[in-house]
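Visitor:
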Amino acid sequence: MRVLIDIGHPAHVHFFRRPAALLRERGCEVFVTSRHKEMATDLLDAFGIPHVPLSAMGTGSALDLFKELCARDFRLLRIVGSWRPDVMVAIGGIFIAHAGLLGRTRSLVFYDTENATLQNALTYPFASRVIVPRCYAAWTPRRRTLRYPGYHELAYLRPPYFTADRAIALANGLSADRPTYLLRLVAWHASHDLGGRGLSWDAVRRLCGRLGEAARVLISSEAALPDDLRPYGYAGDPAQIHHVMGHCAGFFGESATMASECAVLGVPSVYAARTGRGYTDEQERRYGLVRNVRKLDPAALDDAVEWLLGFSATDAQARRQRLLDDTCDVADFVVQAIEARGELDACAVRST
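Using my numbering, the first residue of the sequence shown is number 200, and each one after it goes up by one.
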């Protein structure tokens, strides 16, 4: 069986790394196409995964995204014509949906971001299957949707696939003698972020001051930090940040993915953004591991900080265990779905 995996973001590398290895162990041929966005290609190189870059993210403007869509669709279609995959898979999946339709190849789109309305409108009607977590709260094509109990982040952070190593965390910025809190700031250039804005620098300074009273604060930021905030900047290896996250006392940031990553690691997380996610909503409602903050005013942010500071590690780990007990092995489920080419009867029953 030939499987093409299209990577467009660093988080996609983590999501598909274990399934790709499992597929190869089972005798499948795996071809990876990539995109120059943040650390995506660097992570593929760091994990020793051969890949073919097809495009690079521009400034994030609508025009740049459209130009990239056209160029990447064309290049991907050429690969489909020459390599002839049996199935293509991706997160978001706009490129494989188009190339799959034109190249008569099945496309399986995994996604969990409801507010990417334009991208989803350009993807879902053309995909062979849309595969989403059970908590996904937006429209999907009814007869072509497969749901599973879990989150993308469990594909690479669920035991036994990952255990946070304290020695690695210490080597990458974790404090040895006091709690560490991680702040994450995004650049708002993704297609689902167009027109969005996040925490002001004054709000970040306020957070650093409050969390830093008795703890170390690390800031992972896609945008350049102002001079006065640079001492907080995460200077560790990006490929090792999950080890740091797993030993943090808490997370506060604009990244839903990283908030969910911390939650599945048993680290309480504040997701501060005006647009929500079905998965962080569920992680708050079912397990109490995430606090979703929609209003970014000082009172709401201060209240969220107090919630974060009041969490005990023991309570967080107990909540994590409930989460793990209630969800499936997502990496194994991804392999099942790929091997079944997304056929609902072939993989839905085996998903839990």
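Backbone N, C-alpha and C fix where the C-beta goes; we use that ideal spot for every residue, glycine too.
With DSSP run on the structure shown, which of helix, strand or coil describes R540?
Guide: The answer is coil: DSSP assigns R540 none of H, G, I, E or B.
Visitor: Using three-state DSSP, classify L398 as helix, strand or coil.
Guide: coil
Visitor: List the endpoints of the continuous beta strand (DSSP E) containing A255.
Guide: 251-255
Visitor: Start and end of the alpha helix (DSSP H) containing E483?
Guide: Where E483 is concerned, the enclosing alpha helix (DSSP H) stretches over 477-484.
Visitor: Below 8 Å CB to CB, which residues in the same chain sit around W400 once its five sequence neighbours on both sides are set aside?
Guide: For W400, the CB contacts under 8 Å within the same chain, skipping 5 residues up- and downstream, are P425, L428 in chain order.
Visitor: In terms of alpha-carbon separation, which member of S374, T344, P332 lies closest to A354?
Guide: When only C-alpha atoms are compared, the closest one is P332.
Visitor: With C-beta atoms as the reference, is T232 less than 8 Å away from L264?
Guide: no
Visitor: What I want to know is whether the C-beta of G432 ends up closer than 7 Å to one or more non-hydrogen atoms of the ligand COA.
Guide: The ligand content of the structure shown is nil, which means the ligand COA is not present either.
Visitor: Beta carbon of R476, beta carbon of E313: below 8 Å?
Guide: yes
Visitor: Are the CB atoms of H297 and F325 nearer to each other than 8 Å?
Guide: A contact, by the Cβ cut-off of 8 Å.
Visitor: Considering just the uninterrupted stretch of the beta strand (DSSP E) at N314, what are its terminal residues?
Guide: That residue, N314, is in no beta strand (DSSP E); it is neither H nor E in DSSP.
Visitor: Which class does V533 belong to by DSSP, given the choice of helix, strand or coil?
Guide: helix
Visitor: Mind checking E267: buried by the 16 CB within 10 Å criterion, or exposed?
Guide: buried
Visitor: I'd like to know whether the C-beta of S511 is nearer than 8 Å to at least one C-beta of chain D.
Guide: The structure shown has no chain D; it contains just one protein chain.
Visitor: When you compare only the Cα positions, how much space is there between H441 and M256?
Guide: 24 Å
Visitor: Mind checking which residues open and close the alpha helix (DSSP H) that includes A210?
Guide: Run containing A210: 209-224, per the alpha helix (DSSP H) assignment.
Visitor: Near R485, which residues of its chain fall below 6 Å by C-beta distance, leaving aside the five closest residues on each side in sequence?
Guide: Counting only residues of its own chain and dropping the five nearest sequence neighbours on each side, R485 has no CB closer than 6 Å to any other CB.
Visitor: Could you check what DSSP says for V410 in three-state terms: helix, strand or coil?
Guide: Val is not the amino acid found at residue 410; the sequence shown has Leu there. Helix, per DSSP.
Visitor: Any idea if R377 is buried or exposed, counting beta-carbon neighbours within 10 angstroms, 16 or more meaning buried?
Guide: exposed
Visitor: Taking C-beta to C-beta, are P218 and V534 nearer than 8 Å?
Guide: yes
Visitor: Along the chain, where does the beta strand (DSSP E) that runs through T232 open and close?
Guide: 228-235
Visitor: Identify the continuous alpha helix (DSSP H) that holds S511 and give its terminal residues.
Guide: Note, S511: premise wrong, no alpha helix (DSSP H); not H, not E.
Visitor: Which of the three DSSP states, helix, strand or coil, is assigned to Y360?
Guide: coil
Visitor: Between the C-alpha atoms of A370 and G302, what's the straight-line distance to the nearest angstrom?
Guide: Using only the alpha carbons, I get a separation of about 47 Å.
Visitor: Let me confirm a value: G280 is counted as buried when at least 16 other C-beta atoms fall within 10 Å, else exposed. Which label applies?
Guide: exposed
Visitor: Given a threshold of 16 other Cβ atoms within 10 Å of its Cβ, counted over all protein chains shown, does Q318 qualify as buried or as exposed?
Guide: buried
Visitor: Have a look at D272 and L384 and give me their C-alpha separation to the nearest angstrom.
Guide: Straight-line Cα distance between these residues: approximately 30 Å.
Visitor: Using CA atoms only, rank isn't needed, just tell me which of G291, C227, T479, V212 is closest to I248.
Guide: The residue with the shortest Cα to Cα distance from I248 is V212.
Visitor: Can you tell me which residues form a DSSP beta bridge with V329?
Guide: Looking at the DSSP assignment, V329 forms a beta bridge with V308, T344.
Visitor: May I ask you to report which of helix, strand or coil DSSP gives S390?
Guide: The pLDDT assigned to S390 is 43, lower than 50, so where the model puts this residue is not dependable, and the model offers no usable value.
Visitor: Taking all protein chains shown into account, do 16 or more other C-beta atoms lie within 10 angstroms of the C-beta of H208, making it buried, or fewer, making it exposed?
Guide: buried
Visitor: Short check: CB of L406 to CB of L382, under 8 Å?
Guide: In contact: L406 and L382 (Cβ atoms closer than 8 Å).
Visitor: For R274, collect the residues of the same chain with a Cβ closer than 6 Å to its Cβ; drop the 5 residues on either side in sequence, then sort them by chain order.
Guide: L253
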